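Novice: Here our numbering = 1-based position in the sequence shown + 8. Even for Gly, the Cβ is constructed at its ideal location relative to N, Cα and C. Here the structure is a predicted model, which is why all the values come from computation and not from measurement.
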Amino acid sequence: MLAPLTTVDFIKLAIVAPLFFMLAPATGFFLKDRLAWQRGVFAAMCFMTINGLLAAGNWGLTLDSIETYRGHTKGYHFFFNEALAIALIVAKWREDKKSFRWLPPGIGWYFLYCGISLLSLENAPDKNLVFMAAHKQIFATVLMLATFNTLRTEDDLKFFLRVMTGAMAWELFVCLKMKYLQHMYQVHGTFEHQNPLAMYSILIGMVFLATALGPPFKRANWILFGFLACAAIVECTLSRGALVMFGLGTIAVTGLSLMEKVTSRRVLLTATMSVVGALGLVLALDTIISRFHDKGNASSGELREVMKDACRAMVHDHSLGVGWNNYALVVNPPYPYAEIYYDWVRSRNMQVRPDQANPVVESHYYLLLAENGYVGLIAWLVLISIGLWRNVRAFFFFGHSFLRCLSLGIFMGCLLNYVQSTLERVLVQPRNLMLWLILFGITARLEVMRREAKKQKLAAKNS
C-alpha cells in the first residue's frame with residue numbers, strides 16, 4: 009500500500025509538477041533550432057550526473073523520502089538534469105519528427121527488464137518500495153532518449169567527450185581538495201562513497217583512453233587529460249577492486265588499439281603513459297599496499313558471502329524475488345533472513361543488535377537475484393549482453409576511425425563495470441545509472457550509424 013503524501017511532499021510536488029511537465033517541455037519549444045543552446049543544455053545534463061559541486065549533493069527533489077532506508081532507492085526522486093533531458097527531447101522532436109526516435113535500439117530491451125522486474129510485486133512486503141525503484145529506473149531513460157536524439161554526428165559525439173572531460177577535471181579538483189586539504193584517506197568526491205566514484209571513473213575513463221589513442225582530432229589531447237584525471241581519481245579513492253580494474257582496462261584498451269593499428273601516436277602515448285603510470289605507482293605504492301592489507305579485508309570478505317547466503321535463501325523461497333528494492337527490508341527482523349546474518353555475528357562472539365539495520369549485499373547480481381528472482385537476473389544479463397555485442401559489432405564494422413575507437417571504449421568501460429558489479433551494486437545508484445544510460449544512448453546511435461552505413465554500402469554495390 010502506498011504511503012500517504014506528507015505536507016512537505018505536497019510542497020515538493022507543487023515544484024516538481026510544473027518543472028517536469030510544463031516548464032521543461034516549454035523550454036524544449038524555445039530550444040527548437042537553437043543548436044548552441046541545445047549543446048549548453050546537453051552539457052549541463054551530462055555534468056549534473058556527478059550530482060554535486062564540492063561534496064555529495066542531491067540535485068533534485070524527492071517525494072515520499074525515507075533517507076534512513078538502506079535500499080538502493082529511497083523515494084520518488086526527480087533529478088533536475090532529467091528536466092533538461094525532457095527539454096532536449098521536446099526540442100529534437102519538434103525540429104524533425106521524421107528522424108526523431110522514441111524507441112532507439114536497446115531501449116525496448118531495457119523496458120522489458122524493468123517490466124520483468126515488476127513481477128516481483130507479487131511477493132514484495134512493501135510494494136511502495138518496488139514502485140520507487142521502477143520510477144527511478146524507468147524515468148532515467150529520458151537521459152538515454154535525449155542523448156540518442158541529440159548526438160547524431162561524429163562532431164556531436166566528440167562534443168560529449170569534451171563535456172565529460174570537463175566534468176572529470178572538476179571531479180579531480182574536488183578529490184585533490186579532499187585528499188590534500190581535508191586529509192581524507194579514501195576520497196569520495198561528489199559521490200556518497202568512493203566505490204561508485206571509482207567505477208564511474210572507469211566507465212568514462214576507458215572511453216577517453218580509446219578515443220584519445222585513435223586517429224587525431226581537434227582537442228584529442230584534452231580527452232587524454234580526461235583519462236589521466238580518471239586515473240588520478242581512482243587512485244584517490246583507494247578502491248581495491250577499481251585499482252585492479254582500471255589497470256587491467258588500461259592495458260586491454262592500449263593493447264587492442266595497437267593490435268587494431270600501430271600508429272606513431274599510439275606508440276608515443278603508450279610509452280609516455282607507461283612512464284607516467286610507473287612514476288605515479290611508485291609515489292602511491294605505500295598507500296596502495298597499505299590499503300590492500302587493511303585489517304578489515306578478511307571480515308569484509310566473509311560478510312559479503314554471508315549476505316549472498318541471504319540472497320540465496322530469498323530466491324529459494326520466492327522464485328520471482330522478494331520485491332524490487334525490498335532486500336534491505338527483508339534482511340532485517342521480523343523476516344527470517346536476518347538470522348543468517350545474526351548466526352555469523354554470533355560465530356564471531358559479537359553481540360546481535362536487532363535495533364540496528366543489517367548490512368546489505370554488495371554484489372549487483374545477487375541483489376537482482378534476491379529482489380527480482382531468476383527471471384530478473386536473466387533479463388539484466390540479456391540486456392547488458394546486447395549492449396556489449398552492439399559495440400563489438402560496431403568495432404568490427406567501422407574501419408580505423410573515431411567511431412571504432414569510441415565503440416571499443418564503451419565496450420571496455422561497460423565490461424569492467426559489469427565484472428566489478430560482482431562486488432559492487434553501483435549500477436542501481438543514480439549517478440552511475442545516469443552515465444550508463446547516456447553511454448547506452450550512444451551505443452544506440454552507433455548501431456543506427458552502422459545500419460545506415462551498411463545500407464549505403466549495399467546500395468553502392470548494387471548500383
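Which residue's Cα is closest to the Cα of W117: K316, H191, L389?
Specialist: L389
Novice: Would you please state the rounded distance, in angstroms, between the beta carbons of G79 and L337? I believe it to be under 8 Å.
Specialist: 7 Å
Novice: Within a Cβ cutoff of 7 Å, which residues of the same chain sit near Q437, ignoring the five residues on either side of it in sequence?
Specialist: Same-chain partners within the cutoff: H80, P204.
Novice: Expressed to the nearest angstrom, what Euclidean distance is found between the alpha-carbon atoms of V353 and M315?
Specialist: 12 Å
Novice: Cβ of I210 within 9 Å of Cβ of G234?
Specialist: no
Novice: Under 8 Å: do the stretch 315-329 and the stretch 340-352 share three or more Cβ pairs, one atom per stretch?
Specialist: With the cut-off at 8 Å, the stretch 315-329 and the stretch 340-352 touch.
Novice: Quick check on F87: does DSSP put it in helix, strand or coil?
Specialist: strand
Novice: From this set, N89, V368, F168, L153, which residue's C-alpha is nearest R312's C-alpha?
Specialist: V368
Novice: Please classify D70: does DSSP put it in a helix, a strand, or coil?
Specialist: Checking the sequence shown, residue 70 turns out to be Thr, not Asp. Looking at T70 - three-state DSSP - the assignment turns out to be strand.
Novice: With distance defined between alpha-carbon atoms, name the residue in L246, A240, V16, M172 nearest to I58.
Specialist: The residue with the shortest Cα to Cα distance from I58 is M172.
Novice: Just verifying my parser: in three-state terms, what is the DSSP assignment at R439?
Specialist: helix
Novice: Per DSSP, what kind of secondary structure is R356 in: helix, strand or coil?
Specialist: Coil.
Novice: If you count every other CB in all the chains shown that lies within 10 Å of the CB of M442, and 16 or more means buried, which is it?
Specialist: buried
Novice: Can you round the beta-carbon distance between N131 and L328 to whole angstroms, since I take them to be within the 8 Å contact cut?
Specialist: Sure, about 6 Å apart at Cβ, within 8 Å.
Novice: Please state whether the Cβ-Cβ distance between T258 and V195 is less than 9 Å.
Specialist: no
Novice: Work out the CA separation of L180 and A240 for me, nearest whole Å.
Specialist: Whole-angstrom Cα-Cα distance: 7 Å.
Novice: How many Å lie between A279 and D163 at the Cα?
Specialist: 28 Å
Novice: Apart from the five residues just before and just after L151, which ones in its own chain have a Cβ nearer than 6 Å to its Cβ?
Specialist: A93, M442, L445, I446
Novice: Under 7 Å Cβ to Cβ from S247, same chain only, skipping five residues before and after it: list those, please.
Specialist: Closer than 7 Å at Cβ, skipping near neighbours: Q202, N203, A206.
Novice: Consult DSSP for D363 and reduce its assignment to one of helix, strand or coil.
Specialist: coil
Novice: Whose C-beta lies closer than 6 Å to the C-beta of S415 among residues of the same chain, with five residues either side of it excluded?
Specialist: Non-local beta-carbon contacts of S415 in its own chain, meaning distances under 6 Å to residues more than five positions away in sequence, involve N399, A402, F403, L454 in chain order.
Novice: Classify W110 as buried or exposed, calling it buried when 16 or more other Cβ atoms lie within 10 Å of its own Cβ.
Specialist: So W110 counts as exposed.
Novice: Roughly how many angstroms lie between the CA atoms of A218 and C238, to the nearest whole one?
Specialist: 13 Å
Novice: Just to confirm my understanding: we take Y426, look at its own chain, exclude 5 residues before and 5 after, and list those with CB closer than 7 Å. What are they?
Specialist: I392
Novice: When every heavy atom of the ligand FAD is checked, does at least one fall within less than 8 Å of the C-beta of K105?
Specialist: Among the components modelled here there is no ligand, and therefore nothing to report on the ligand FAD.
Novice: For E460, count the other beta carbons within 10 Å of its own beta carbon; 16 or more makes it buried, fewer makes it exposed. Which is it?
Specialist: exposed
Novice: Is the beta carbon of F410 closer than 9 Å to that of K135?
Specialist: no
Novice: Could you tell me whether the Cβ atoms of I124 and N334 are closer together than 9 Å?
Specialist: Between I124 and N334, the CB-CB gap reaches or exceeds 9 Å.
Novice: What did DSSP end up calling E432 once you bin it into helix, strand or coil?
Specialist: coil
Novice: Could you give the DSSP three-state label for K80: helix, strand or coil?
Specialist: Just to set this straight, residue 80 is His in the shown sequence, not Lys. In this structure, H80 counts as coil in the three-state DSSP scheme.
Novice: Spatial neighbours of K82 within its chain, please: C-beta separation below 8 Å, excluding the five flanking residues on both sides.
Specialist: T70, S73, I74, E75, M140
Novice: C183: which of K462, G197, F29, C54 sits nearest, CA to CA?
Specialist: With respect to the C-alpha of C183, the residue from K462, G197, F29, C54 having the closest C-alpha is G197.
Novice: With P33 as the anchor, note down where its alpha helix (DSSP H) starts and where it stops.
Specialist: 32-39
Novice: Roughly how many whole angstroms lie between the Cα atoms of Q428 and V261?
Specialist: 17 Å
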